[in-house]
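Notes to accompany the following structure.
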Amino acid sequence: DQQVKQNSPSLSVQEGRISILNCDYTNSMFDYFLWYKKYPAEGPTFLISISSIKDKNEDGRFTVFLNKSAKHLSLHIVPSQPGDSAVYFCAASGDTGNQFYFGTGTSLTVIP
Amino acid sequence: DAGITQSPRYKITETGRQVTLMCHQTWSHSYMFWYRQDLGHGLRLIYYSAAADITDKGEVPDGYVVSRSKTENFPLTLESATRSQTSVYFCASSESSAIVGEQYFGPGTRLTVT
Numbered sequence: 001d002q003q004v005k006q007n008s009p010s011l012s013v014q015e016g017r018i019s020i021l022n023c024d025y026t027n028s029m030f031d032y033f034l035w036y037k038k039y040p041a042e043g044p045t046f047l048i049s050i051s052s053i054k055d056k057n058e059d060g061r062f063t064v065f066l067n068k069s070a071k072h073l074s075l076h077i078v079p080s081q082p083g084d085s086a087v088y089f090c091a092a093s094g095d096t097g098n099q100f101y102f103g104t105g106t107s108l109t110v111i112p
Numbered sequence: 001d002a003g004i005t006q007s008p009r010y011k012i013t014e015t016g017r018q019v020t021l022m023c024h025q026t027w028s029h030s031y032m033f034w035y036r037q038d039l040g041h042g043l044r045l046i047y048y049s050a051a052a053d054i055t056d057k058g059e060v061p062d063g064y065v066v067s068r069s070k071t072e073n074f075p076l077t078l079e080s081a082t083r084s085q086t087s088v089y090f091c092a093s094s095e096s097s098a099i100v101g102e103q104y105f106g107p108g109t110r111l112t113v114t
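Now the structure itself:
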């Protein structure tokens, strides 16, 4: 059963606007969350992370928000750029310590 | 070259054959991981290793075997390949445990089992 879910397989956004990617999880023991970005024919690359002691973490144009009570996290990209077009995976860890559980990914297209 | 590499990048094999996917990292990271990526499932952990000679199962270990005799190498073997093992396989490494460490991924191996 999928413990980390990304319910939107795809998202299209105009260049310069905000992109919001969502992720839900079911395991309340998860306490560390990451976002990865993946271009075609490449491996995922780390983007940003957040631990459960925080509700927000920022890194340049990227901000991750965590709502523990709702078991929900989101990635905001502002402003969106065409180079941001990629598949974004959220991942969670914490219950077993050495395993990350990944979502199914959201394909973001930023339209110039 | 520095980083994490996988070989081969593409592989076609027949059902029942044994196939080994190679992974090599140059950072001396303690942790290494094998994932498979399938439509509708995202990335799922097959096996991981916390150090040389220490391996453990992930979410989907059945049909796979790993070994780690050297820190820098983490081969994944499909002992008798099945069509359901057609997938893209990613190797990753990290210098600390999954809780606090980001993972660095290789470019992937696309495996087709006919």
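Sequence order for the protein chains is A and B.
The opening position of the first sequence corresponds to residue 1 in the numbering used here, with each subsequent residue numbered one higher.
The opening position of the second sequence corresponds to residue 1 in the numbering used here, with each subsequent residue numbered one higher.
All C-beta atoms, glycine included, are put in the ideal place defined by N, C-alpha and C.
Because the structure is a prediction, the values reported are computed rather than measured.
What is the C-beta distance between residue i and residue j, in whole angstroms, given that I count them as a contact (C-beta under 8 Å)?
{"i": "residue 44 of chain B", "j": "residue 55 of chain B", "result": "No, residue 44 of chain B and residue 55 of chain B are not in contact; Cβ-Cβ is about 17 Å, not under 8 Å."}
{"i": "residue 30 of chain A", "j": "residue 105 of chain A", "result": "Not really, about 18 Å apart at Cβ, beyond 8 Å."}
{"i": "residue 90 of chain B", "j": "residue 35 of chain B", "result": "5 Å"}
{"i": "residue 89 of chain A", "j": "residue 3 of chain B", "result": "In fact, because the Cβ distance is near 20 Å, the residues do not count as touching under 8 Å."}
Taking buried to mean at least 16 other C-beta atoms within 10 Å of its own C-beta, is residue i buried or exposed?
{"i": "residue 70 of chain B", "result": "exposed"}
{"i": "residue 81 of chain B", "result": "buried"}
{"i": "residue 39 of chain B", "result": "exposed"}
{"i": "residue 12 of chain B", "result": "exposed"}
{"i": "residue 51 of chain A", "result": "exposed"}
{"i": "residue 15 of chain B", "result": "exposed"}
{"i": "residue 101 of chain A", "result": "buried"}
{"i": "residue 58 of chain B", "result": "buried"}
{"i": "residue 99 of chain A", "result": "buried"}
{"i": "residue 60 of chain A", "result": "exposed"}
{"i": "residue 26 of chain B", "result": "exposed"}
{"i": "residue 49 of chain B", "result": "buried"}
{"i": "residue 83 of chain A", "result": "exposed"}
{"i": "residue 39 of chain A", "result": "exposed"}
So, are the CB atoms of residue i and residue j less than 8 Å apart?
{"i": "residue 71 of chain A", "j": "residue 28 of chain A", "result": "yes"}
{"i": "residue 86 of chain B", "j": "residue 66 of chain B", "result": "no"}
{"i": "residue 113 of chain A", "j": "residue 107 of chain A", "result": "Chain A is shown from 1 up to 112; residue 113 of chain A falls before or after that span and cannot be answered."}
{"i": "residue 24 of chain A", "j": "residue 37 of chain A", "result": "no"}
{"i": "residue 107 of chain B", "j": "residue 42 of chain A", "result": "yes"}
{"i": "residue 110 of chain B", "j": "residue 47 of chain B", "result": "no"}
{"i": "residue 34 of chain A", "j": "residue 86 of chain A", "result": "no"}
{"i": "residue 96 of chain B", "j": "residue 32 of chain B", "result": "no"}
{"i": "residue 77 of chain B", "j": "residue 18 of chain B", "result": "yes"}
{"i": "residue 109 of chain A", "j": "residue 8 of chain A", "result": "no"}
{"i": "residue 51 of chain B", "j": "residue 28 of chain B", "result": "no"}
Along the segment 33-46 of chain A, where does the CB come closer than 9 Å to a CB of chain B? Name the residues.
Taking a C-beta cut-off of 9 Å against chain B, the contacting residues of the segment 33-46 of chain A are 34, 36, 38, 41, 42, 43, 44, 45 and 46, listed in chain order.
Short of 9 Å Cβ to Cβ, which residues in the segment 32-58 of chain B face chain A?
33, 35, 37, 39, 40, 41, 42, 43, 44, 45, 48, 50, 56 and 58
If we count Cβ pairs, one from each stretch, closer than 8 Å, do we get three or more for the segment 103-112 of chain B versus the segment 43-53 of chain A?
They touch, by the three-pair rule.
Which of the residues in the segment 58-78 of chain B, read from start to end, lie with their CB under 8 Å from any CB of chain A?
58 and 59
Per the contact definition of three or more C-beta pairs closer than 8 Å, is the segment 71-86 of chain A in contact with the segment 5-23 of chain A?
yes
Chain B contacts from the segment 98-111 of chain A (Cβ-Cβ distance under 8 Å)
98, 99, 100, 101, 102, 103, 104 and 105
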